[in-house]
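Engineer: My questions all concern the structure below.
2 protein chains.
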Amino acid sequence: MAVDGAQLWTLNQRLLSVVMDACSAELAQLGLETKEFFVLAEVAASPYPAELAAALMIPKASVTVYVRNLVAKGFMRREIDDEDLRRHRLILTAEGQAARDRALSALAAEFDRRLARITPQDRTELQRILLEMLKTPE
Amino acid sequence: MAVDGAQLWTLNQRLLSVVMDACSAELAQLGLETKEFFVLAEVAASPYPAELAAALMIPKASVTVYVRNLVAKGFMRREIDDEDLRRHRLILTAEGQAARDRALSALAAEFDRRLARITPQDRTELQRILLEMLKTPE
DNA sequence: TAGAATTAGTTTGAAACTGTACTAGAAGAT
DNA sequence: ATCTTCTAGTACAGTTTCAAACTAATTCTA
Numbered sequence: 001m002a003v004d005g006a007q008l009w010t011l012n013q014r015l016l017s018v019v020m021d022a023c024s025a026e027l028a029q030l031g032l033e034t035k036e037f038f039v040l041a042e043v044a045a046s047p048y049p050a051e052l053a054a055a056l057m058i059p060k061a062s063v064t065v066y067v068r069n070l071v072a073k074g075f076m077r078r079e080i081d082d083e084d085l086r087r088h089r090l091i092l093t094a095e096g097q098a099a100r101d102r103a104l105s106a107l108a109a110e111f112d113r114r115l116a117r118i119t120p121q122d123r124t125e126l127q128r129i130l131l132e133m134l135k136t137p138e
Numbered sequence: 001m002a003v004d005g006a007q008l009w010t011l012n013q014r015l016l017s018v019v020m021d022a023c024s025a026e027l028a029q030l031g032l033e034t035k036e037f038f039v040l041a042e043v044a045a046s047p048y049p050a051e052l053a054a055a056l057m058i059p060k061a062s063v064t065v066y067v068r069n070l071v072a073k074g075f076m077r078r079e080i081d082d083e084d085l086r087r088h089r090l091i092l093t094a095e096g097q098a099a100r101d102r103a104l105s106a107l108a109a110e111f112d113r114r115l116a117r118i119t120p121q122d123r124t125e126l127q128r129i130l131l132e133m134l135k136t137p138e
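Residue numbers (the working numbering), protein chains in the order written: chain A, 1 to 138; chain B, 1 to 138.
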């Protein structure tokens with residue numbers, strides 16, 4: 001019997017929102033909105049607003065807002081990039097790094113609570129499958 | 001080496017938004033916004049607004065809005081429940097069922113394009129893992 | 001080196017979302 | 001019966017999100 005794609009998709013969807021929901025209180029305690037957290041978590045890998053927008057698949061204008069909030073909260077700061085004066089290089093402050101790390105652990109902990117129900121082999125399996133499905137086609 | 005929960009979570013997150021993004025054009029063609037689609041797809045299993053809000057983990061007020069739109073588009077209608085006169089029983093119209101089915105196939109097709117990269121065994125595997133992780137604790 | 005085309009990021013204004021307060025009906029207690 | 005108390009759904013109003021227009025810096029072309 002074939003596995004139903006729509007059902008799998010729904011399952012996955014549900015799983016993510018359950019996990020996120022379970023964590024949002026903890027994130028709030030760190031002073032982070034959900035969306036802000038995504039930006040905070042990605043900024044090390046994508047240190048410019050345009051990169052963040054592309055990586056997170058959200059509009060540039062939204063990045064502007066989230067970054068403004070994160071700067072106001074002291075989690076990051078902007079610096080003008082020497083290479084290209086139009087660019088704002090985003091730099092995590094010490095508090096920003098601490099908040100990101102704590103938020104990531106909270107999230108991982110919740111996800112791990114779910115992962116704990118499956119075997120380590122299954123976890124490796126899951127990772128392999130997701131990676132495969134995410135590879136950009138050709 | 002242990003599989004990193006936070007990373008898995010991010011992978012999964014990314015996968016879902018890529019798939020949803022790839023489908024939104026097709027949904028729009030059916031006259032469905034993304035959020036509306038979720039309501040349309042769930043209404044058969046959760047035929048009252050309060051149930052929908054709980055199942056989809058969105059605020060009651062938002063359900064009111066989506067249902068209003070779906071009713072306006074002729075995809076469903078409200079009926080007063082005889083058992084409890086406060087309740088609105090939601091009923092899919094023929095067009096609603098057709099749109100839901102077409103939208104679900106579109107989504108499944110896109111997800112299947114991803115699933116096609118992995119073996120049937122892996123798909124079964126994935127389903128089993130997700131189900132396990134979604135089971136409500138104790 | 002001057003203009004056209006591109007790109008980074010922000011601002012603006014309008015649409016989408018949702019917390020709160022509300023109305024109507026139901027259920028329980030006295 | 002009446003009085004809480006609770007639940008279903010909606011309306012309103014404040015906030016969040018984002019498409020489009022904009023400004024500024026860069027790159028390309030000649």
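Cβ coordinates follow ideal geometry from the N, Cα and C atoms, glycine included.
Output the distance between the C-alpha atoms of residue 106/B and residue 16/B, rounded to the nearest integer angstrom.
Structural biologist: Spanning the two alpha carbons is a distance of roughly 14 Å.
Engineer: Return the CA-CA distance between residue 49/A and residue 121/B, expressed in angstroms with no decimal places.
Structural biologist: Cα to Cα, residue 49/A sits roughly 41 Å from residue 121/B.
Engineer: Could you work out which residues of chain B lie near residue 129/A, taking near to mean beta carbons separated by less than 8 Å?
Structural biologist: Correct list: 118, 122, 125 and 126.
Engineer: Taking DSSP as the reference, what is the three-state secondary structure of residue 87/B?
Structural biologist: Looking at residue 87/B - three-state DSSP - the assignment turns out to be coil, as it is neither helix nor strand.
Engineer: Taking just the CA atoms, how far does residue 91/B sit from residue 89/A?
Structural biologist: When rounded, the distance between both Cα atoms is 52 Å.
Engineer: So which of 80/A, 28/A, 130/A and 58/A has the shortest CA-CA distance to residue 100/A?
Structural biologist: Per the Cα distances, 28/A.
Engineer: Contact between the stretch 69 to 80 of chain B and the stretch 33 to 41 of chain B: three or more CB pairs below 8 Å?
Structural biologist: Judged by Cβ distances under 8 Å, the stretch 69 to 80 of chain B makes contact with the stretch 33 to 41 of chain B, as three or more pairs qualify.
Engineer: In chain order, what residues of the same chain lie with their CB nearer than 6 Å to the CB of residue 138/B, ignoring the 5 residues before and after it?
Structural biologist: Residue placement at residue 138/B cannot be trusted, given a pLDDT of 46 that sits under 50; what the coordinates show is reported in the next sentence. Cβ neighbours of residue 138/B beyond the five flanking positions: none.
Engineer: Indicate whether the contact test is met: 3 or more Cβ pairs, each with one atom in the stretch 38 to 56 of chain A and one in the stretch 11 to 25 of chain A, closer than 8 Å.
Structural biologist: Segments in contact, no.
Engineer: Roughly how far, in whole angstroms, is the beta-carbon of residue 19/B from the beta-carbon of residue 114/B, given that I think they are within contact range, below 8 Å?
Structural biologist: Indeed they touch by this definition, with Cβ atoms about 7 Å apart.
Engineer: Give a yes or no on whether 7 Å exceeds the smallest Cβ distance from residue 95/A to chain B.
Structural biologist: So, not an interface residue.
Engineer: Residues of chain A with CB under 7 Å from residue 81/B, in chain order?
Structural biologist: None at all; the shortest Cβ gap to chain A is about 26 Å.
Engineer: Kindly identify the DSSP beta-bridge partner or partners of residue 78/B.
Structural biologist: Residue 78/B is bridged to 90/B.
Engineer: Suppose contacts are defined by Cβ-Cβ distances below 7 Å. Is residue 23/A in contact with residue 110/A by that definition?
Structural biologist: A contact, by the Cβ cut-off of 7 Å.
Engineer: Are residue 46/B and residue 40/B closer than 7 Å when you measure CB to CB?
Structural biologist: Cβ distance not < 7 Å, so residue 46/B and residue 40/B don't count as in contact.
Engineer: Under 8 Å Cβ to Cβ from residue 93/A, same chain only, skipping five residues before and after it: list those, please.
Structural biologist: For residue 93/A, where only same-chain residues beyond five positions count, the Cβ hits under 8 Å are 74, 75, 76 and 77.
Engineer: Please tell me whether residue 133/A has its Cβ less than 7 Å away from any Cβ of chain B.
Structural biologist: Residue 133/A counts as touching chain B.
Engineer: Assuming residue 117/B contacts residue 125/A under a Cβ cut-off of 8 Å, what Cβ separation, rounded to an integer in Å, is found between them?
Structural biologist: Contact doesn't hold; Cβ gap of about 15 Å is too wide.
Engineer: When Cβ atoms are compared, which residues of the stretch 30 to 59 of chain B fall closer than 7 Å to chain A?
Structural biologist: Here the close residues are 57.
Engineer: In chain A, what lies closer than 9 Å to residue 16/B by C-beta?
Structural biologist: Near residue 16/B (Cβ distances below 9 Å), the residues of chain A are 9, 12, 13 and 16.
Engineer: Would you call residue 86/A buried or exposed, if buried means 16 or more other Cβ atoms sit within 10 Å of its Cβ?
Structural biologist: Its Cβ having fewer than 16 others within 10 Å, residue 86/A is exposed.
Engineer: Taking 6 Å as the limit between beta carbons, can you name the residues of its chain near residue 61/A, skipping five residues before and five after?
Structural biologist: None.
Engineer: Determine which residues of the stretch 104 to 116 of chain A have a Cβ less than 9 Å from any Cβ of chain B, and write them out in chain order.
Structural biologist: Listed by position, the residues of the stretch 104 to 116 of chain A near chain B (Cβ gap below 9 Å) are 104, 105, 107, 108, 109, 110, 111, 112, 113, 114 and 115.
Engineer: Measure how close the beta-carbons of residue 98/B and residue 37/B come, nearest whole angstrom, since I'm counting them as under 8 Å.
Structural biologist: Wrong, their Cβ atoms sit about 13 Å apart, outside the cutoff.
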